[in-house]
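K.L.:
Numbering (the UniProt record's numbering), first residue to last: 1 to 709.
The C-beta atom is built at its ideal place from N, Cα and C for all residues, glycine as well.
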């Protein structure tokens, strides 16, 4: 023991490096200093062994230093020598087990951990480390007992609190996990890993502010913590601050260049803002990363939903989805292996259909299908809607609630099994997954198989890769029969399209449309301005409406007669509607709403939550569009565009005289990049952007009224 004390004293008193004026990297100096400390300590232990060659303790301490240096084989041999000299040495058994586990010799490691516990049942390091082994083996109950035993022996063991929290988090017991993470950081305030993992838990609990603070704290403690930088970047990405996310992903990759998760997320951020610099190189790297991960049985760093954006094979996309699906299966099997749902084939009475979604609210999914629950024939079908999201107070949500026979809010039910049990007890025949792998999905519920038939529909266009999903509702255009091997589900084919829209219910006023003309014929294009009104408004009794028959002819098609209804409006009225401050104009004593002011007059009408009951005048001039141009529109988020698509659009614009492209500025950061790329194609291409999400619904009304009429 005297020699051991001398070594410790010597190691502590080696002076740290001084920063010279020429020093450029203090961290490198510190690493060198630390390595020199270990080398000095090794030399002293070796010298000590010359004096006391049969000391098990000195051999054990020397082995620890070899382990720190990365000499795992040498460490194992030295630990074995320590045990040979001192058989009742639990520390040596525990450390030997750690080294064996590092080498992948898990069975031997487990045997050593058990030997240490036989020598000392309260050996906390062994209890903790054996718990880690059991957790990795999926033996959750055993791991939990070992962690709890370690905390019983030593309640202030921060590492065990963190490990137990991670285990609970994986089980979906987020609040319990959070409690143990808080214990860990209160015991060890500089525990960066615990802060980062706590941030991930808070993120799952939708406490974004709390997660943000945890990741920042982890970075404050350890500025070189690449994972924390990556996690913080993902928070900013979710918040829509893509610029900040890109900065942090780059920092993460500087700290850890071989970091697939950070690289793939950075690439996705570039896709969001249409930054296509080095696009081909990035796509090549993404494909290489995914292929390597799939080859080595790893979880893909590319999310199934994002895989559609990249030039991956359908086989790769299916495998990515399958690995995510298997993860959910493993998770629920690990937690609920004793619980299975038995389904009976016979059905008496109405067929029960359950729709599960996290998008029952102001979301495109609800915009498309909010009337669907109420359109089922209630003599044959009983409809259940299971909401995974909280009530956002919108009309979209209330319509679904009102039109469903049964509406169940699962937003406060954290336990997947309890949610699945409720569905099973509702005796659902067909359960519809409307999320797939989109945000807010809870595929664990489907992995538990609460219904005999489980179906994918609408929210996600690809395969789930899951053996617990039976069908995907699709059509032969979206999913040609030749692609059936790219899906794990069977095709349930609709006769025309699986894609539905609620336009008839949301925009009934678009059924009545009138072309606007002026006495001085200032409007050159026949549909540069239009009037729409609700069906119950007898506009013919208010304004002078004229009708005429027009013959439509097109090569290869039979001529078709259409009835054109026209209303004569003074040109100054049209000019006034270019100012959104003019909420309405008066024509022959009749109030006509300015279509441009819809957003400011009634937010619910603007968002299509409420039906417009006014007479509305909409014109191209209101949006800065030429009256006689051919306007091509795409109002998808910009990340769905790529260089080849934009190049194709530009080529179309070049070939169509007097044409423009109208896109949604979502996100705004993508707009200059689209312009920049188009300019590289050598064109003065005319691209207008609409900047407000409310605008898109007004525009939608204007451009698609001709189809609905």
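(1) Under 6 Å Cβ to Cβ from residue 645, same chain only, skipping five residues before and after it: list those, please.
(2) Flag this pair as yes or no: are the beta carbons of residue 396 and residue 366 separated by less than 7 Å?
(3) According to the Cβ coordinates, are residue 432 and residue 355 closer than 7 Å?
(4) According to DSSP, is residue 291 part of a helix, a strand, or is it coil?
(5) Which residues does DSSP pair with residue 384 in a beta bridge?
(6) Taking the continuous beta strand (DSSP E) assigned at residue 662, which residues delimit it?
(7) By DSSP, does residue 397 sit in helix, in strand, or in coil?
(8) List, from N- to C-terminal side, the alpha helix (DSSP H) runs of 4 residues or more that fit wholly inside the stretch 235-291.
(9) Counting beta carbon pairs with one atom in the stretch 314-330 and one in the stretch 391-406, are three or more of them shorter than 8 Å?
(10) Under DSSP, the beta strand (DSSP E) around residue 492 begins and ends at which residues?
(11) Could you check which residue in 218, 322, 285 has the C-alpha nearest to that of residue 303?
(12) Could you give the distance in angstroms between the alpha-carbon of residue 198 and the alpha-carbon of residue 224?
(13) Which residue wins for smallest C-alpha separation from residue 208, given the options 180, 240, 247, 185?
(14) Residue 469 and residue 444 look like a contact to me (Cβ under 8 Å); what is the Cβ gap, rounded to whole Å?
(15) Could you tell me whether the stretch 91-102 touches the stretch 65-79, using the rule of 3 or more Cβ pairs below 8 Å?
(16) Tell me which residues share the same chain as residue 537 and place their Cβ nearer than 7 Å to its Cβ, disregarding the 5 neighbours each side in the sequence.
(17) Assuming contact is defined by CB atoms lying nearer than 7 Å, are residue 630 and residue 659 in contact in what I supplied?
(18) Assign residue 449 to one of three DSSP states: helix, strand, or coil.
(19) Taking the alpha-carbon of residue 310 as reference, which of 299, 325, 270, 96 has the nearest alpha-carbon?
(20) Measuring CA to CA, which of 450, 394, 278 is closest to residue 342?
(21) My output table needs one value for residue 596: the three-state DSSP class, helix, strand or coil.
(22) For residue 78, list the residues DSSP reports as bridge partners.
(23) Tell me whether residue 229 is buried or exposed, calling it buried when 16 or more other Cβ atoms sit within 10 Å of its Cβ.
(24) Any chance you could list the beta strand (DSSP E) runs of at least 3 consecutive residues sitting entirely within the stretch 327-371, in chain order?
(25) Taking contact to mean 3 or more Cβ pairs, one atom from each stretch, closer than 8 Å, check whether the stretch 85-98 and the stretch 54-65 are in contact.
(26) Let me make sure I understand the geometry here. Which of 348, 437, 438, 364 has the alpha-carbon closest to that of residue 710?
(27) Helix or strand or just coil, what does DSSP make of residue 320?
(28) First and last residue of the beta strand (DSSP E) that includes residue 563?
(29) Pull up the distance between the alpha-carbon of residue 507 and that of residue 601, whole angstroms please.
(30) Which of helix, strand or coil does DSSP assign to residue 708?
(31) Let me confirm a value: residue 113 is counted as buried when at least 16 other C-beta atoms fall within 10 Å, else exposed. Which label applies?
(32) Are the stretch 474-481 and the stretch 527-546 touching by the rule of at least three beta carbon pairs closer than 8 Å?
(33) Do residue 192 and residue 221 have their C-beta atoms within less than 7 Å of each other?
P.N.:
The relevant details are as follows:
(1) Once the five neighbours on either side are set aside, residue 645 has no close Cβ partner at all.
(2) Their beta carbons are under 7 Å apart, which means residue 396 touches residue 366 by this criterion.
(3) In contact: residue 432 and residue 355 (Cβ atoms closer than 7 Å).
(4) Residue 291 sits in a helix when the DSSP states are folded into three classes.
(5) In the DSSP output, where bridge partners are listed per residue, residue 384 has 354, 406.
(6) Following the DSSP letters along the chain, one finds residue 662 inside the beta strand (DSSP E) bounded by residues 659-664.
(7) The answer is helix: DSSP assigns residue 397 an H, G or I state.
(8) Listed in chain order, the complete alpha helix (DSSP H) runs (minimum 4 residues) inside the stretch 235-291 are 242-255, 260-272.
(9) Note that the stretch 391-406 does not touch the stretch 314-330; fewer than 3 beta-carbon pairs, one per stretch, sit closer than 8 Å.
(10) It spans 490-493 - the beta strand (DSSP E) in which residue 492 sits, taken as one unbroken run.
(11) Ranked by Cα distance from residue 303, the first of 218, 322, 285 is 322.
(12) Taking the straight line joining both Cα atoms gives about 18 Å.
(13) Comparing Cα-Cα distances from residue 208 to each of 180, 240, 247, 185, the minimum goes to 240.
(14) Rounded to the nearest angstrom, the Cβ distance from residue 469 to residue 444 is 13 Å, too far for a contact under 8 Å.
(15) They touch, by the three-pair rule.
(16) Answer for residue 537: 615, listed in chain order.
(17) Against a cut-off of 7 Å, the Cβ pair of residue 659 and residue 630 comes out as a contact.
(18) The answer is coil: DSSP assigns residue 449 none of H, G, I, E or B.
(19) The shortest Cα separation from residue 310 among 299, 325, 270, 96 belongs to 270.
(20) Measuring from the Cα of residue 342, the nearest candidate turns out to be 450.
(21) Three-state result, residue 596: helix.
(22) Bridge partners of residue 78: none, in fact.
(23) Looking at its Cβ environment, which holds 16 or more other Cβ atoms inside 10 Å, residue 229 is buried.
(24) Listed in chain order, the complete beta strand (DSSP E) runs (minimum 3 residues) inside the stretch 327-371 are 351-357.
(25) A contact exists between the stretch 85-98 and the stretch 54-65.
(26) Nothing can be reported for residue 710: it is not among the residues displayed for the chain, which extend from 1 to 709.
(27) In the structure shown, residue 320 sits in a helix (DSSP, three-state: H, G or I).
(28) Segment 560-568, the beta strand (DSSP E) holding residue 563.
(29) Distance between the alpha carbons of residue 507 and residue 601: 17 Å.
(30) Reliability fails at residue 708, whose pLDDT of 28 lies under 50, so the model's placement of it is uncertain and no value is given.
(31) Buried: at least 16 other Cβ atoms inside 10 Å.
(32) No, because fewer than three Cβ pairs between the stretch 474-481 and the stretch 527-546 fall closer than 8 Å, the two stretches do not touch.
(33) Against a cut-off of 7 Å, the Cβ pair of residue 221 and residue 192 comes out as a contact.
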